[in-house]
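Numbered by my numbering, the letters in the sequence shown go through residues -3 to 68 in order.
The beta-carbon is built from N, C-alpha and C at its ideal position, and this holds for glycine as well.
Down below is the structure, laid out as structure tokens.
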Amino acid sequence: MTDLELISTMLGEASTTEIARRNDAQGFVENKNSAKQGGTIAGDARKALEAKTGKPVLSKGNYLPAPKSLGP
């Protein structure tokens, strides 16, 4: 995960948390709506950055180690 991917994820999470708190979201449906709104904020920011830089924010790299084989 690149720095910009991490920042984008953090923006979505922070936005979702703030929206849920401000709306006093209770239960799954209200929190789901807050999550959609937070995700939209992060998505819009990512798209705007990509438009300005001409480079994708998302990468294909996965920095987790490959899972170990379960077979022999």
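Could you check which residue in ASN27, LYS56, SER4 has the C-alpha nearest to that of GLU14?
Measuring from the Cα of GLU14, the nearest candidate turns out to be ASN27.
On the criterion of 16 or more Cβ atoms from any shown chain inside 10 Å, does ARG17 qualify as buried, or is it exposed?
Classification for ARG17: exposed.
Which residues in the same chain have their Cβ closer than 6 Å to the Cβ of GLY34, if we skip the five residues on either side of it in sequence?
Correct list, in chain order: GLY8, SER11, THR12, ILE15.
Could you tell me if ALA62 is buried or exposed, where buried requires 16 or more neighbouring beta carbons within 10 angstroms of its beta carbon?
It is exposed - the Cβ of ALA62 has fewer than 16 other Cβ atoms within 10 Å.
If you draw a straight line from the alpha carbon of LYS43 to that of THR5, how long is it in whole angstroms?
Cα to Cα, the separation comes out at about 13 Å.
Using the C-alpha atoms, what's the distance from GLU1 back to SER55?
Those two C-alpha atoms are separated by around 8 Å.
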